[in-house]
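Participant: Line by line, the protein sequences give chains A and B.
First residue of the first sequence? That's 32 in our numbering, and the numbers climb one at a time after it.
First residue of the second sequence? That's 4 in our numbering, and the numbers climb one at a time after it.
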Amino acid sequence: AQKITQTQPGMFVQEKEAVTLDCTYDTSDPSYGLFWYKQPSSGEMIFLIYQGSYDQQNATEGRYSLNFQKARKSANLVISASQLGDSAMYFCAMREGITGKLIFGQGTTLQVKP
Amino acid sequence: DTEVTQTPKHLVMGMTNKKSLKCEQHMGHRAMYWYKQKAKKPPELMFVYSYEKLSINESVPSRFSPECPNSSLLNLHLHALQPEDSALYLCASSPRDRSLTDTQYFGPGTRLTVL
Numbered sequence: 032a033q034k035i036t037q038t039q040p041g042m043f044v045q046e047k048e049a050v051t052l053d054c055t056y057d058t059s060d061p062s063y064g065l066f067w068y069k070q071p072s073s074g075e076m077i078f079l080i081y082q083g084s085y086d087q088q089n090a091t092e093g094r095y096s097l098n099f100q101k102a103r104k105s106a107n108l109v110i111s112a113s114q115l116g117d118s119a120m121y122f123c124a125m126r127e128g129i130t131g132k133l134i135f136g137q138g139t140t141l142q143v144k145p
Numbered sequence: 004d005t006e007v008t009q010t011p012k013h014l015v016m017g018m019t020n021k022k023s024l025k026c027e028q029h030m031g032h033r034a035m036y037w038y039k040q041k042a043k044k045p046p047e048l049m050f051v052y053s054y055e056k057l058s059i060n061e062s063v064p065s066r067f068s069p070e071c072p073n074s075s076l077l078n079l080h081l082h083a084l085q086p087e088d089s090a091l092y093l094c095a096s097s098p099r100d101r102s103l104t105d106t107q108y109f110g111p112g113t114r115l116t117v118l
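1) Checking contacts by CB at 7 Å: is Phe67 (chain B) closer than that to chain A?
2) Would you call the stretch 122–136 of chain A in contact with the stretch 94–107 of chain B, where contact means no fewer than 3 C-beta pairs closer than 8 Å?
3) Sort out for me which residues DSSP pairs Val51 (chain B) with in a bridge.
4) Go ahead and pull the three-state DSSP assignment for Glu87 (chain B).
5) Check each residue of the stretch 72–85 of chain A: if its Cβ is closer than 8 Å to any Cβ of chain B, include it; give the result in chain order.
6) In the DSSP output, which residue or residues are listed as bridge partners for Cys94 (chain B)?
7) Leaving out five residues on either side along the sequence, give the residues of the same chain with a beta carbon under 8 Å from the beta carbon of Gln70 (chain A).
8) Can you tell me which of the three DSSP states Leu108 (chain A) falls into?
9) Would you verify that the beta carbon of Pro111 (chain B) is, or is not, closer than 7 Å to some beta carbon of chain A?
10) Going along the chain, which residues of its own chain have a beta-carbon closer than 7 Å to the beta-carbon of Leu84 (chain B), five neighbours each way excluded?
11) My output table needs one value for Gly128 (chain A): the three-state DSSP class, helix, strand or coil.
12) Just to confirm the assignment, what range does the beta strand (DSSP E) spanning Asn73 (chain B) have?
13) Compare the beta carbon distance of Leu24 (chain B) and Thr113 (chain B) with 7 Å and say whether it is the shorter of the two.
This is the structure in structure tokens:
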């Protein structure tokens with residue numbers, strides 16, 4: 032069965048600095064997708080970035096990039112030039128093949144300090 | 004446009020009330036989902052609809068009744084809820100239900116309080 036592990040319950044970062052949120056995964060499927068979502072206190076789950084298992088390059092979307100290390104089964108999210116609006120909970124997730132449901136990690140709460 | 008809308012944003016109901024949550028998407032997605040999320044926890048899947056048919060029910064109590072009137076709409080009917088059902092209810096959609104690579108897009112959620 033697939034599993035996502037996020038080991039950092041909470042993180043602090045200074046405004047304008049970069050921060051890395053850790054995510055490791057476990058799956059026996061050769062084909063899989065990894066997703067990062069941001070959830071502000073308002074509750075909406077916002078899709079940030081996707082990495083496919085066969086993608087040759089690390090995914091990037093604006094200030095978000097994914098440090099994908101397939102052999103180590105890690106898919107860390109890097110946020111560059113942090114902004115106060117980046118303060119939120121961040122979830123790493125993977126789709127389960129049989130049901131299609133998203134398997135989430137426990138999440139990391141990021142606080143950006145001014 | 005990757006928008007999923009949900010109404011209402013907030014809902015307070017008594018244990019004897021009947022209410023409904025609504026979700027809508029116009030992205031042509033054929034899979035729609037209901038998730039329940041407690042504070043500081045990841046979302047938990049409740050139901051999956053694929054091509055307007057219920058494909059997964061994650062052993063959800065019958066006081067929650069989903070309905071998919073058409074490919075764009077998803078409802079969740081609530082009846083005789085318990086205080087422990089108070090949570091954030093999130094709707095999501097994706098192009099297909101069992102693709103490992105399709106992105107699920109979420110709505111803003113409904114914060115439900117059961118008194």
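The beta-carbon is built from N, C-alpha and C at its ideal position, and this holds for glycine as well.
Treat the numbers as computed from the prediction; the structure is a model and nothing was measured.
Facilitator: Taking the definition as stated:
1) For Phe67 (chain B), the closest Cβ of chain A is not nearer than 7 Å.
2) Contact holds: three or more Cβ-Cβ distances are below 8 Å.
3) Val51 (chain B) has B:Tyr36 and B:Ile59 as its beta-bridge partners, per DSSP.
4) Glu87 (chain B): helix per DSSP, three-state reduction.
5) So the list reads Ser73, Gly74, Glu75, Met76, Ile77, Phe78, Tyr81 and Gly83, given in the order they occur along the chain.
6) Paired residue(s): B:Trp37.
7) The residues are Met76, Ile77, Ala119, Met120, Tyr121, Phe122 and Gly138.
8) DSSP places Leu108 (chain A) in strand when its eight states are reduced to three.
9) By the rule that beta-carbons nearer than 7 Å mark a contact, Pro111 (chain B) touches chain A.
10) Taken in chain order, the residues that qualify are Met16, Met18, Arg66 and Val117.
11) The answer is coil: DSSP assigns Gly128 (chain A) none of H, G, I, E or B.
12) DSSP places Asn73 (chain B) inside the beta strand (DSSP E), whose first and last residues are Phe67 to Asn73.
13) In this structure, Thr113 (chain B) lies closer than 7 Å to Leu24 (chain B) by Cβ.
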